[in-house]
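Number 173 in numbering that gives the first Met the number 0 belongs to position 174 of the sequence shown; there are no gaps in the numbering.
Where is the CB? At the ideal position from N, CA and C, for every residue including glycine.
Here the structure is a predicted model, which is why all the values come from computation and not from measurement.
Please read the structure below before turning to the comments.
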Amino acid sequence: MPDIEDGETVEIKGSAKDPYQLRNVGGVYSCTCPAWRNQSTAIERRTCKHLRQYCGEDAEKARLGGELPTSASRPRRTANSNSTTPTGMGSSDSGNAVSGPPILLAHSWTSDIDLTGWWMSEKLDGVRAYWDGEKFVSRQGNVYHAPDWFIEDLPRDVHLDGELWLSRKGFQRAVSIVRRQDKSDHWKEITYLVFDAPKIDDVFEARMAFVSQLLDESQPKYARPHTHERCKGTDHLREELARVEELGGEGLMLRKPSSKYEIGRSFSLLKVKSMHDAEARVIEHLPGTGKHQGRLGALSVELANGIKFSIGTGFSDAERNNPPPIGSVVTFRYQELSDRGVPRFPAYVRMRTDIEHVPAIVERETAAVSNAVQLAEAVPAGTAVATKPRMFEFSEGTSNKFWEVVLQGSSVTVRFGKIGTAGMTKPKSFPTDQAAKKYYDDLIVEKIGKGYCEVGGT
Numbered sequence: 000m001p002d003i004e005d006g007e008t009v010e011i012k013g014s015a016k017d018p019y020q021l022r023n024v025g026g027v028y029s030c031t032c033p034a035w036r037n038q039s040t041a042i043e044r045r046t047c048k049h050l051r052q053y054c055g056e057d058a059e060k061a062r063l064g065g066e067l068p069t070s071a072s073r074p075r076r077t078a079n080s081n082s083t084t085p086t087g088m089g090s091s092d093s094g095n096a097v098s099g100p101p102i103l104l105a106h107s108w109t110s111d112i113d114l115t116g117w118w119m120s121e122k123l124d125g126v127r128a129y130w131d132g133e134k135f136v137s138r139q140g141n142v143y144h145a146p147d148w149f150i151e152d153l154p155r156d157v158h159l160d161g162e163l164w165l166s167r168k169g170f171q172r173a174v175s176i177v178r179r180q181d182k183s184d185h186w187k188e189i190t191y192l193v194f195d196a197p198k199i200d201d202v203f204e205a206r207m208a209f210v211s212q213l214l215d216e217s218q219p220k221y222a223r224p225h226t227h228e229r230c231k232g233t234d235h236l237r238e239e240l241a242r243v244e245e246l247g248g249e250g251l252m253l254r255k256p257s258s259k260y261e262i263g264r265s266f267s268l269l270k271v272k273s274m275h276d277a278e279a280r281v282i283e284h285l286p287g288t289g290k291h292q293g294r295l296g297a298l299s300v301e302l303a304n305g306i307k308f309s310i311g312t313g314f315s316d317a318e319r320n321n322p323p324p325i326g327s328v329v330t331f332r333y334q335e336l337s338d339r340g341v342p343r344f345p346a347y348v349r350m351r352t353d354i355e356h357v358p359a360i361v362e363r364e365t366a367a368v369s370n371a372v373q374l375a376e377a378v379p380a381g382t383a384v385a386t387k388p389r390m391f392e393f394s395e396g397t398s399n400k401f402w403e404v405v406l407q408g409s410s411v412t413v414r415f416g417k418i419g420t421a422g423m424t425k426p427k428s429f430p431t432d433q434a435a436k437k438y439y440d441d442l443i444v445e446k447i448g449k450g451y452c453e454v455g456g457t
């Protein structure tokens with residue numbers, strides 16, 4: 000039977016007038032039929048008769064870990080509760096509710112904290128995994144079914160904290176490998192990077208020395224310690240952050256010297272990024288224009304608090320041809336929240352297959368909502384209101400750039416740079432609104448003439 004390649008879409012005739020579309024996006028197989036869309040299980044655990052018909056019963060059975068659902072899963076009511084839990088979420092293989100392992104979580108760095116002397120490492124774009132001496136467990140307590148040959152050299156009497164990592168910008172591929180239950184040879188692409196030993200009751204430096212000695216002695220083929228270096232100060236921090244982000248990395252993690260392993264979120268572990276990440280649910284596919292005619296132009300998405308906006312940049316050609324399904328959760332990157340709580344300069348990062356619900360944005364969200372009323376009251380009648388940002392992209396060879404422009408009364412602000420970065424922002428003021436509008440229009444015509452294509456805005 001045929002398979003669906005990553006990024007490929009195929010059509011299959013069903014009971015509806017138009018054929019259904021089968022897709023493989025980063026190892027997550029989907030169908031546009033109602034039976035697939037209305038299931039309550041995690042999207043990587045879904046199948047339907049059209050996928051089974053096209054890929055074959057045996058292939059689908061192997062992809063889902065050895066069993067096929069007899070019908071579309073519905074939310075099940077928990078004991079002694081009026082709440083419901085989607086089947087397959089937050090449960091162990093036996094169906095009993097489980098909790099995640101006791102792990103350390105990070106806060107975001109604020110510039111008032113001096114990081115001189117802290118231990119600095121690259122923030123990995125992988126899958127967090129806790130080794131309990133027998134198996135890998137996710138933050139939610141779900142088991143990652145690694146092949147025996149992958150874990151045979153790992154210690155059986157030590158707990159480790161680390162990341163199942165493939166490569167920079169390889170998150171979606173890593174997720175598609177580790178969340179499958181068929182223990183495939185694709186695990187050979189994965190490395191377990193260890194950054195702590197939670198059960199060792201000692202300071203961070205001693206714990207990492209223990210990890211280094213342990214792995215040096217056992218020489219596991221698919222595991223190694225994660226590299227750390229001392230931060231020499233803010234300049235060193237920003238230089239390293241720029242280097243990592245230029246290579247396609249996520250950012251940096253900083254560990255407080257002589258700190259103990261704490262359970263839960265702690266200020267002894269800080270994450271440093273030039274932009275923020277958040278999640279939203281896809282509610283609509285907006286059609287593209289120009290270069291993107293006939294495929295995705297932007298995703299219309301919704302935050303946990305109900306705020307809606309669109310994401311029009313950050314997509315690869317394959318993702319524009321095969322966008323995340325409506326109803327799926329996606330991660331996007333943004334610079335900051337506006338006073339009305341809308342993410343500014345959002346860029347698509349990836350589809351999330353490890354969560355079902357959209358978490359709230361903590362950063363400034365409450366203040367943004369409360370300030371909205373004050374902002375409206377403070378703006379005098381007749382004050383010019385900003386246009387929505389217009390986003391353009393240029394891709395040719397190894398050059399992948401974005402350019403964004405906003406008109407607000409008598410000022411024009413442009414933001415430009417390499418796709419995936421915060422870029423540079425330059426405002427320009429004019430004596431009149433009309434002069435600013437002419438400059439704004441001329442800039443757009445100039446960029447289109449240079450080959451830039453509009454991809455959507457916020």
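Which of the three DSSP states, helix, strand or coil, is assigned to Val157?
coil
Pick from Ala128, Ile112, Ser110 and Glu121: whose alpha carbon is nearest that of Pro101?
Ala128
Once the 5 residues before and after Arg138 are set aside, which same chain residues still bring their CB inside 6 Å of it?
Gly99 and Arg127
Backbone CA spacing between Gly116 and Ser257 [nearest angstrom]
10 Å
What does the alpha-carbon distance come out to for the pair Gly422 and Pro388?
15 Å
What did DSSP end up calling Tyr439 once you bin it into helix, strand or coil?
helix
Using the beta-carbon count (16 or more within 10 Å), is Pro322 buried or exposed?
buried
Smallest Cα separation from Gly13: which of Gly6, Asp2, Asp5 and Trp35?
Trp35
Going by DSSP, what residue range makes up the beta strand (DSSP E) through Glu239?
Looking at the DSSP string, Glu239 is not in any beta strand (DSSP E); the run it does join, the alpha helix (DSSP H), is Thr233 to Glu245.
Three-state secondary structure (DSSP) of Ala34:
helix
Other residues of its chain near Lys198: CB distance less than 6 Å, five sequence neighbours each side excluded
His158
Cutoff 6 Å; reference Lys307; Cβ partners in own chain excluding five residues on either side:
Glu301
Out of Trp118, Tyr191, Ser299 and Asp17, state which residue places its alpha-carbon closest to the alpha-carbon of Glu151.
Tyr191
Spatial distance of Pro1 from Ser394 (CA atoms)
33 Å
Near Arg483, which residues of its chain fall below 6 Å by C-beta distance, leaving aside the five closest residues on each side in sequence?
Here the chain has residues from 0 to 457 only, and residue 483 is not among them.
Would you call the region 276-285 and the region 312-320 touching, i.e. three or more CB-CB distances under 8 Å?
no
Can you tell me which of the three DSSP states Trp130 falls into?
strand
Please state if the CB of Leu103 and the CB of Leu268 are separated by a distance shorter than 9 Å.
yes
Identify every residue that forms a DSSP beta bridge with Ser398.
Glu395
Is His356 buried or exposed, if buried means 16 or more other CB atoms sit within 10 Å of its CB?
exposed
Taking DSSP's pairing of strands, which residues face His106 in a bridge?
Leu269
Can you tell me which of the three DSSP states Ala41 falls into?
coil
Measuring alpha carbon to alpha carbon, tell me which residue in Tyr438, Gln433, Asn304 and Lys220 is nearest Phe149.
Lys220
Grab me the residues of Glu10's own chain with a C-beta within less than 8 Å of its C-beta, minus the 5 sequence neighbours each way, in chain order.
Pro18, Tyr19, Gln20 and Leu21
Do Val281 and Ser327 have their CB atoms nearer than 9 Å?
yes
Helix or strand or just coil, what does DSSP make of His49?
helix
Could you check if Gln171 is buried or exposed, using at least 16 other CB atoms within 10 Å of its CB as the buried criterion?
buried
Span of the beta strand (DSSP E), counted from its first residue to its last, around Val210:
Element bounds for Val210: not the beta strand (DSSP E) but the alpha helix (DSSP H), Phe203 to Ser217.
Under a Cβ-count criterion, where at least 16 other Cβ atoms within 10 Å of its own Cβ denotes burial, should Ser29 be classed as buried or exposed?
buried
Give a yes or no on whether the C-beta atoms belonging to Leu123 and Val271 are separated by under 9 Å.
no
By Cβ distance below 8 Å, which residues in the same chain neighbour Ala15 in space, the five residues on each side in sequence not counted?
Cys32
Indicate the three-state DSSP secondary structure (helix, strand or coil) for Ala359 in the structure shown.
coil
Give me, in chain order, the residues of the same chain whose beta-carbon lies closer than 7 Å to that of Lys255; leave out the 5 immediate sequence neighbours on both sides.
Trp117 and Ser267
Assigned exposure category for His291 - 16 Cβ within 10 Å defines buried:
buried
Taking its Cβ as the centre, do 16 or more other Cβ atoms sit within 10 Å of Leu251, making it buried, or is it exposed?
buried
Host alpha helix (DSSP H) of Ala173 (start-end):
Phe170 to Val177
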